[in-house]
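S.K.:
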Amino acid sequence: MTSKRFAVAVACLLFASSASSSAAPVTGDPEAGADTATGTPCQSCHGSDGNSPSAEWPKLAGQNVNYLKKQLQDYKSGARMNAIMSSMAANLSDKDIANLAAYYSHQTMTEGSTPEQYLELGQKIYRQGNKENGVPACIACHGPAGQGNPAASWPRLSGQHAAYVESQLKSYHSGDRSNGLNQMMQGVAKKMTDEEITAVSHYVSGLQAAH
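Count the sequence shown with mature numbering (1 follows the signal peptide of the UniProt record, and there is no 0) and you get residues -23 to -1, 1 to 188, in order.
(1) Indicate whether the contact test is met: 3 or more Cβ pairs, each with one atom in the stretch 148 to 165 and one in the stretch 79 to 99, closer than 8 Å.
(2) DSSP three-state call for Val177: helix, strand or coil?
(3) Short check: CB of Gly106 to CB of Val181, under 8 Å?
(4) Can you check which of these residues, Glu109, Arg133 and Ala128, is closest to Thr87 by C-alpha distance?
(5) Note down the Cα distance separating Ala128 from Ser82, rounded to an integer number of angstroms.
(6) Please state the DSSP three-state secondary structure of Asn126.
(7) Given a cut-off of 8 Å, decide if Ala9 and Asp26 are closer than it, judged by their beta-carbon atoms.
(8) Excluding the five sequence neighbours on either side, which residues of its own chain have a C-beta within less than 6 Å of the C-beta of Gly183, listed in chain order?
(9) Tell whether a beta-carbon distance below 8 Å holds between Thr170 and Glu143.
(10) For Ser182, does the three-state DSSP call read helix, strand or coil?
(11) Rounded to whole angstroms, what's the CA-CA distance from Pro113 to Ser31? Just pull it up for me.
(12) With H, G and I counted as helix, E and B as strand and the rest as coil, what does DSSP make of Val3?
(13) Give the list of continuous alpha helix (DSSP H) stretches no shorter than 4 residues that lie fully inside the stretch 11 to 98.
(14) Considering only the alpha carbon of each residue, which of Gln185, Ser135 and Ser130 lies closest to Asp51?
(15) Per DSSP, what kind of secondary structure is Asn110 in: helix, strand or coil?
(16) Among Pro18, Arg104 and Pro35, which has the Cα closest to the Cα of Ala139?
(17) Taking the alpha carbon of Thr13 as the point to measure from, which residue in Ile61, Met65, Gly120 and Asn41 has its own alpha carbon closest?
(18) Taking the continuous alpha helix (DSSP H) assigned at Met169, which residues delimit it?
(19) Hey, could you find the ends of the alpha helix (DSSP H) residue 213 is sitting in?
Next comes the structure, spelled out in structure tokens:
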């Protein structure tokens, strides 16, 4: 492991410890969450099982439960802004959020794929980073199979819609999205070129996390 990758990995572990120790756990009930998740508002964009039929909206199935909870809490508090999701989350209680997160995390995410033209560069950025512009390897925090880090509330990337991943990286890059833990993703994305963002977005879509 290079010194840069080691430093990133250490930072990930430190932030993970901080995130897990500061969170007040609220246990969710998947069955209770199903009542809300399969209702019209959630289902119309994310599908009844959390596998969004549109690449514009994220797949929630199989996503790390702590990440799901954090994003819903951030939409509710205004830390993350989206006209639709902010209004949806506004009236959710902490228990509602925990139940929804539990339901979606128990579902199975459908697999994605990586077009050949994005494989080489996408794999390089994900597994090695780019020392020329200071982009760290994504693998250090998101894992070899894109499974993320549940304890640190870092998302699973494997199987996610490439278009959605790309839109979020561009939002981090521009500063439109700023709710990443300790500004880590904002800092990473600002160093990435548009070509790198597109390639790695398609690459992670084709990764297959262990079930």
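Ideal Cβ positions, reconstructed from N, Cα and C, are used throughout, including at glycine.
Since we're looking at a predicted model, the values are computed, not measured.
M.R.: In short:
(1) Segments in contact, no.
(2) Position 200 of the sequence shown, counting from 1, holds the residue named residue 177. The answer is helix: DSSP assigns Val177 an H, G or I state.
(3) Position 129 of the sequence shown, counting from 1, holds the residue named residue 106. Position 204 of the sequence shown, counting from 1, holds the residue named residue 181. Cβ atoms of Gly106 and Val181: not closer than 8 Å.
(4) Within the sequence shown, residue 87 is the residue found at index 110, counting from 1. Ranking Glu109, Arg133 and Ala128 by Cα distance to Thr87 puts Arg133 first.
(5) Numbered from 1 along the sequence shown, position 151 holds the residue referred to as residue 128. Numbered from 1 along the sequence shown, position 105 holds the residue referred to as residue 82. Each residue's alpha carbon lies about 14 Å from the other.
(6) Position 149 of the sequence shown, counted from the start, is the residue given in the question as residue 126. Of the three classes helix, strand and coil, the one that applies to Asn126 here is strand, per DSSP.
(7) Translated into the one-based positions of the sequence shown, residue 26 becomes position 49. Translated into the one-based positions of the sequence shown, residue 9 becomes position 32. No. Outside cutoff.
(8) Translated into the one-based positions of the sequence shown, residue 183 becomes position 206. Answer for Gly183: Gly89, Ser90 and Thr91, listed in chain order.
(9) As a first step, residue 170 must be located in the sequence shown, where it is residue number 193. As a first step, residue 143 must be located in the sequence shown, where it is residue number 166. No.
(10) If you number the sequence shown from 1, residue 182 lands on position 205. In this structure, Ser182 counts as helix in the three-state DSSP scheme.
(11) Within the sequence shown, residue 113 is the residue found at index 136, counting from 1. Within the sequence shown, residue 31 is the residue found at index 54, counting from 1. Near 30 Å, if we compare the C-alpha coordinates of Ser31 and Pro113.
(12) In the sequence shown, residue 3 corresponds to position 26, counting from 1. Coil.
(13) You should have 17 to 23, 42 to 54, 60 to 66 and 71 to 82.
(14) Looking up residue 51 in the sequence shown gives position 74. The candidate whose alpha carbon is nearest that of Asp51 is Ser130.
(15) By one-based count along the sequence shown, residue 110 stands at place 133. Residue state, collapsed to three classes: coil.
(16) Looking up residue 139 in the sequence shown gives position 162. Nearest of Pro18, Arg104 and Pro35 to Ala139, Cα basis: Pro35.
(17) Indexing the sequence shown from 1 puts residue 13 at position 36. Of the listed residues, the one whose Cα sits closest to Thr13 is Met65.
(18) By one-based count along the sequence shown, residue 169 stands at place 192. Unbroken run through Met169: none, as it is neither H nor E.
(19) Beyond the ends of the chain as shown, which are -23 and 188, falls residue 213; an answer cannot be given.
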